[in-house]
Amino acid sequence: MARLNERNDWFDLWFEDKQAMMGTMMRNMAADLAAGYNYFGVSIAKQRGEIERYKAQFDEEMEAFKGMDEPAVNRWCFYDLKKRGAIE
């Protein structure tokens, strides 16, 4: 298992994980629409809301990185990945 000080690419891994999650959310919604779900129905509206919240949180996190140096960003990304269970 990699430790925080053994790698310096935690931001890259974190970014790829976030993009993959967004892609999965979008594909799931597209599959529901293809299956005949009503675009204005409760299920799709809920999914759109979740996607919008996820994107807004991602944008906030990216904005916060502007005020950090690279080691701090990597450290933050490492702990976020651990907290969310993306890495052990």
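If you want my numbering, it's the 1-based position in the sequence shown plus 642. Ideal placement from N, C-alpha and C gives every residue a C-beta, glycine not left out. This structure is a prediction, so every number in the text was calculated from the model and none was measured.
Where D722 is concerned, the enclosing alpha helix (DSSP H) starts and stops at 712 to 726. Distance from I686 to M664 at the Cβ level is roughly 16 Å; contact not present, criterion being Cβ atoms closer than 8 Å.
If the five residues before and after C719 are omitted, its C-beta is found closer than 6 Å to the C-beta atoms of W652, F653, W656, all from its own chain and listed in chain order. Counted as a single uninterrupted DSSP element, the alpha helix (DSSP H) harbouring Y696 occupies residues 684 to 707. Each residue's CA atom was taken as its position, placing E703 and G683 some 30 Å apart.
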